[in-house]
Amino acid sequence: MQPPDDIIRLMTIADNFDRIHHQIARAERIAGRAPGSVSLVAASKKQDKESLIAALETGHRIFGENRVQEAQDHWGDLRPLYPDLKLHLIGPLQTNKAGDAVGLFDVIETLDREKLARALQDEMAAQGRALPCLIQVNTGEEDQKAGIHPKDLTDFHHFCTQECGLTVTGLMCIPPVDEPAGLHFALLKKYRLALKLPYLSMGMSADFEKAITGGATHIRIGTALFGSRQ
Ligand SMILES: *Cc1c(COP(=O)(O)O)cnc(C)c1O
C-alpha cells in the first residue's frame, strides 16, 4: 500500500536533507575543509508550513527567508516551540521594515547600503539586540541586483563597523545567472580575506559544492531540499 501524498512529501524532504548533508560532508572532505565547517541555511521562501515542519523534524534549525512578512507568517508561531531556531534574512531589506527584521531574525545577510546600516543601528539600539550582519556584495556589478559594488566595499565595511557600530561577520553574494559562479566565489573569498572576516555565504542548490570548494561557510539551499516553490 502506498502512503498518502503528504506523507510521501515529508519523507522526500527528510531524504533531501540527508542527501544534502552527505554531499556537504563529501565536499568538505574533498576541499580539505574541517567536517562541519559549512552551515546549511535552508531557504524556505514560498514553501508551506508542512514542509517547514518536515525540515524541523529532521532536526534542522537554520532557515533563510527573503521577506520579513513571509518570515513572520512562517515562523511567528513556530518560533516559541523551537528556541534554538536561527533565522537568516537573505532577501533585500527595506529600511521601513528594519524594526520588524531586527525583532525576528538572528542574522542579517543582506546589509548593502548606508541608509540601511543606520536603520539597523537605530533598531538594534532600541530593541537591545546586536545581530551579526553579512554585507551583500554585488560581485557581478549588475544594475538590477542588490549588494554593494566591490569598489565601495572597504569604505562601506568601515562605515558599518566604525560609524554604526554594527557587528559585521562576513560577506554574501548571489552570482549572475549567466556567468561561472566559481569566479564570483573566488572574488568574494578575496574580499573576505582583505577585510579579515570569518564568514562567507555563497552557493545555492545548483552550485553549493563549488562554493564549498571556494571557501563558503554558509550555503543557502532551497529547491534541492524542499522541491520547487509554489
Ligand atoms: C531562493 C534563494 C536561495 C536558494 O535558491 P535555490 O536555487 O532554491 O537553492 C539562496 N539564496 C537566496 C538569496 C535566495 O533568494
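Take the sequence shown: its letter number 77 is residue 797 in this note's numbering, and every next letter is one higher. The beta carbon of each residue, even a glycine, is placed where N, CA and C say it ideally should be. No experiment lies behind these values; they were computed from the predicted model shown.
Beta-carbon proximity of residue i to residue j, cut-off 8 Å
i	j	result
Asp826	Leu807	yes
Leu805	Leu831	no
Gly823	Asn786	no
Ala944	Asn736	yes
Ile740	Ile941	yes
Arg912	Lys766	no
Ala747	Thr933	yes
Gly860	Pro896	yes
Gln856	Ala866	yes
Leu836	Leu801	no
Pro918	Gly890	yes
Ala839	Thr874	no
Glu929	Gln743	yes
Start and end residues, beta strand (DSSP E) containing residue i
i	result
Gly784	Ile782 to Glu785
Ile828	Val827 to Leu831
Ser921	Tyr919 to Ser921
Ser948	Segment: none, Ser948 is in no beta strand (DSSP E) and carries neither H nor E.
Ala763	Ser759 to Ala763
Leu801	No beta strand (DSSP E) holds Leu801; DSSP gives it neither H nor E.
Lys806	Lys806 to Leu809
Proximal residues to residue i (C-beta, below 7 Å), its chain only, five neighbours per side dropped
i	result
Leu903	none
Thr887	Ala850, Pro852 and Cys853
Ala763	Gly784, Ile810, Arg940, Ile941 and Gly942
Ser757	Glu748 and Thr937
Arg799	Leu805
Glu843	Ala818, Gly819 and Val822
Ser925	Ile941, Gly942, Thr943 and Ala944
Where the alpha helix (DSSP H) through residue i begins and ends
i	result
Arg940	Element bounds for Arg940: not the alpha helix (DSSP H) but the beta strand (DSSP E), His938 to Ile941.
Val788	Val788 to Trp795
Ala747	Asp725 to Ile750
Ala926	Element bounds for Ala926: n/a, residue is neither H nor E.
Lys769	Lys769 to Glu777
Leu824	Ala818 to Leu824
Cβ neighbours of residue i in the same chain (closer than 8 Å, five flanking residues each side left out)
i	result
Asp738	Thr778
Ala734	Ala774, Glu777 and Thr778
Cys880	Leu831, Ala837, Cys853, Ile855, Leu886 and Val888
Pro755	Ala745, Glu748 and Arg749
Ala791	Glu785, Leu807, Leu809, Leu824 and Phe825
Contacts around residue i, its chain only, beta-carbon distance under 6 Å, and the 5 residues preceding and following it disregarded
i	result
Met922	Cys893, Phe905, Leu908, Ala931 and Ala936
Asp768	none
Ala914	none
Leu730	Ala774
Ile828	Leu809, Leu851 and Cys853
3 or more residues per run - each beta strand (DSSP E) lying fully within the region 842–913 | 852–856 and 887–892
Segment contact, 8 Å Cβ cut-off, at least three pairs: the region 787–797 with the region 765–778 | yes
Between the region 773–791 and the region 743–755, do at least 3 Cβ pairs fall closer than 8 Å?
-> no
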